[in-house]
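Report on the following structure.
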Amino acid sequence: MLDSVKIKNALVREVLAELLGTFVLVLFGNTVLAIVTFDRAPNLGYAAAFWGWALALTLGVLVAGGVSGAHLNPAITVAVTTVGKFPWRKIVPYMVAQYIGAFLASLILFVTYRGALDNYDGGVRAVTGANATAGIFASYPQEFVSTGNGLVDQIVGTALLVLAILAITDSRNMAVPQGVQPLFIGLALGALILCFGYNCGAPLNPARDLAPRVFTAMAGWGVEVFSYRDYNWFWVPIVGPHIGAIVGAWLYTLAVELHWPGSSYDMDSGNAVSAKDAPRFQLANQNEAIF
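Using the UniProt record's numbering, read the sequence shown as starting at 1 and increasing by one per residue.
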């Protein structure tokens, strides 16, 4: 009976996997931030964020990796496309799925912890102040962090994230076994949160920040989630990660991947590796590598 609803279109399967994987990533990760906020336990923040987001990304990659490649991040989708590892025609469907997945995760988090939110802030949704809860869903910088500083923070952090992902999934490098790649990718994100979380929480993912921000604007926090700092912050976790991801992808490609002996690099194919270089994550029933 279930065979009658089986999806045969490869792109639709990939998009659904991206949606579900991003949903898992954002729901697990932001729920950890919610618990830390409700318990008023800032000293536990870094440890909780490290393990929470590391495991969240690990689970997200496990959910979607074998189907879509588990980008789970619009910046990664664009970046791997610029270095010829992903077809341009799939960028928009992937990005739409990622944003929808993050939005739905925000909705489920809100519904699940509605009582805890009301208990914490008395039903007054605040973006800043002692009882602020908007930071559970999206990033807001510390007071001393300028917009320019935040932009640099996001560029550097996301560049390192993409560089790490490409290294982990490059079979010609350390040949990390496929089964443990998700864990190493998750640990890479956790390490970046420890190193680059101080300024603005290290979102490093436009879907993880913008979609929840849109949700909070609709769910009681209002336009302040965008007007914060006179509309001169919300764009930083969108633009910065896209720039950084492209930098990281090109840095690894030009410094390492391009130079493997006996390999070829055809950027016009959307699968810019030779057969020997094929990465671990591939699309189901296709010979089209993602990372």
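Just so it is clear, CB atoms sit at the ideal spot from N, CA and C, and this is done for glycine as well.
From asparagine 205 to threonine 22, what distance separates their C-alpha atoms?
10 Å
Residue interval of the alpha helix (DSSP H) (run including valine 200):
Note on residue identity: the sequence assigns cysteine, not valine, to residue 200. Run containing cysteine 200: none; DSSP gives neither H nor E here.
Using only the alpha-carbon positions, how far apart do tryptophan 233 and proline 177 sit?
40 Å
Taking all protein chains shown into account, do 16 or more other C-beta atoms lie within 10 angstroms of the C-beta of serine 146, making it buried, or fewer, making it exposed?
exposed
Tyrosine 228 vs valine 127 beta-carbon contact at 7 Å
yes
When you compare only the Cα positions, how much space is there between alanine 34 and arginine 40?
10 Å
Lysine 8 by DSSP, collapsed to three states: which one?
coil
Distance, leucine 117 Cα to glycine 135 Cα
12 Å
Proximal residues to threonine 156 (C-beta, below 8 Å), its chain only, five neighbours per side dropped:
Going by the sequence as given, residue 156 is valine instead of threonine. Only Phe196, Gly244 meet the Cβ criterion.
To the nearest angstrom, how far is it from the Cα of methionine 218 to the Cα of leucine 107?
10 Å
Taking tryptophan 250 as the reference, which of Ala132, Ala164, Gly45, Val180 has the closest Cα?
Ala164
In this structure, how does DSSP classify lysine 85 when only helix, strand and coil are distinguished?
coil
Can you tell me where the alpha helix (DSSP H) holding proline 206 begins and where it ends?
206 to 218
Report all residues from its chain with a CB closer than 7 Å to the CB of alanine 275; omit the five preceding and five following residues, and keep chain order.
Unreliable positioning characterises alanine 275 in this predicted model, as indicated by a pLDDT of 32, which lies under 50. The coordinate reading is nonetheless provided below. Closer than 7 Å at Cβ, skipping near neighbours: no residue.
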